[in-house]
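One structure below.
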């Protein structure tokens, strides 16, 4: 049972991580079991399946604690419920060697442990609802910082901001940026000059600005960056800082790619990261009219659609089957995504190469891992898009999250609750909280 999960820490040469998970691993390797136990326990509220599993291993082996196989089983059961794949088989084995009375006691311990968990695995119920917002009238592109251009730097900035009744942008804030601090200032300057339709109401927006030169981000440069800082190895070893940075790099290369990555949760994390799925493929078009909806299709060598892997035809779509229809272009792949959401415009459907990949190719996967491992920056990024982390950080009284959630609640008609959160953020000196409150009064 010993060292079922723990890894040696010596491979990392990038900046050391200081989050709880890495402290726990280091403490365990140094046989400082009391500290390791404390740090793993801190991660349970974050829904960290590996922390639960490792606590089970410590109780199973009696490492720094009195050996307690029943308590170990309760932790293993929690790890399984949190999504640890190998915990389920281990639980089944242990349950064969326990009587009914002891199993009932284990179940009781499990319920107590579950009460500590504040962030459970993501489900579709957590997806934010689609909200109609005013259309942009003027979008000013950001200037490319001179120093960044000379250095050949590329990146992106994800932002959120308030649009007032006249359609003017107010109170812009950076949610996430890579590299941090390089493109932020020019992004804020550009966003502040944007203009939206005047609706007589206020709205909250999230946008992303991309920065790249000479035809976009070169995948080779991204590969060099990942190798140079050992981001993939560090992320696999559980370093929150490496996971956080890897998420930013994957988001960067993804937004610069024309390809569509279909996340398949059944696929295992690969030992090596293959960025070839992000390389730009040749442009492909449809050779038919009347399609509205979404589809993923397989084609023959001549572009004829031979299989509908997924298809959702809009009610107004004149095309009800894609089989036998053709795509045109120079093909370097056999599976393509076809999308057209609006019958009202004359643009042809968007066609992009589609690749089936593990969740580990997604930025959100690694940000979620880093968040579970105690990285506050990753938690804040996730909170902007994920209700689980939003609720967790609200419970932690995080000023940034309180300010923006409070603003949203006011716009949704929950004025008293929203003002209370904004006032709490002001009390914690969050820079934009007073400005947001002024705009929303």
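Residue numbers (our numbering): 764 to 1204. We put the beta carbon where it would ideally sit given N, CA and C, even for glycine.
| query | result |
| --- | --- |
| Could you please give me the residues that DSSP links to residue 968 through a beta bridge? | 924 |
| Taking contact to mean 3 or more Cβ pairs, one atom from each stretch, closer than 8 Å, check whether the stretch 954–970 and the stretch 978–988 are in contact. | no |
| Compute the Euclidean distance between the alpha carbons of residue 895 and residue 964, then round it to the nearest angstrom. | 12 Å |
| Please state whether the Cβ-Cβ distance between residue 1195 and residue 1165 is less than 7 Å. | no |
| Less than 8 Å between C-beta atoms, sequence neighbours within five positions excluded: which residues of the same chain meet that for residue 800? | 818, 821, 827, 828 |
| Exposed or buried, residue 1204, counting other C-beta atoms within 10 Å across all chains shown (16 or more means buried)? | exposed |
| If you measure between the beta carbons of residue 1138 and residue 1003, is that distance less than 7 Å? | yes |
| Alpha carbon to alpha carbon, how far is residue 933 from residue 966? | 10 Å |
| Ignore the nearest five residues each way along the sequence and tell me which others in residue 1087's own chain have a CB closer than 7 Å to its CB. | 1067, 1068 |
| Check for me: the alpha helix (DSSP H) holding residue 1172 runs from which residue to which? | 1162–1174 |
| Below 7 Å between beta carbons: does that hold for residue 884 and residue 915? | no |
| Let me confirm a value: residue 1112 is counted as buried when at least 16 other C-beta atoms fall within 10 Å, else exposed. Which label applies? | buried |
| DSSP beta-bridge partners for residue 1075? | 1057 |
| For residue 1191 and residue 970, what's the separation of their Cα atoms in angstroms? | 26 Å |
| Between 1015, 783, 1019, 794, which lies nearest to residue 803 when the distance is taken from Cα to Cα? | 783 |
| How about residue 1141 and residue 1134: are their beta carbons less than 7 Å apart? | yes |
| Go through its chain and collect everything with a Cβ distance to residue 1050's Cβ below 8 Å, but skip five positions before and after it. | 1066, 1088, 1089, 1090, 1091 |
| Is residue 974 helix, strand or coil when you go by DSSP? | strand |
| Which runs of the alpha helix (DSSP H) spanning at least 4 residues fall entirely within the stretch 780–822, listed in chain order? | 783–792, 796–806 |
| From the DSSP output, in three-state form, read off residue 884 for me. | coil |
| So what's residue 1066 in DSSP terms, helix, strand or just coil? | coil |
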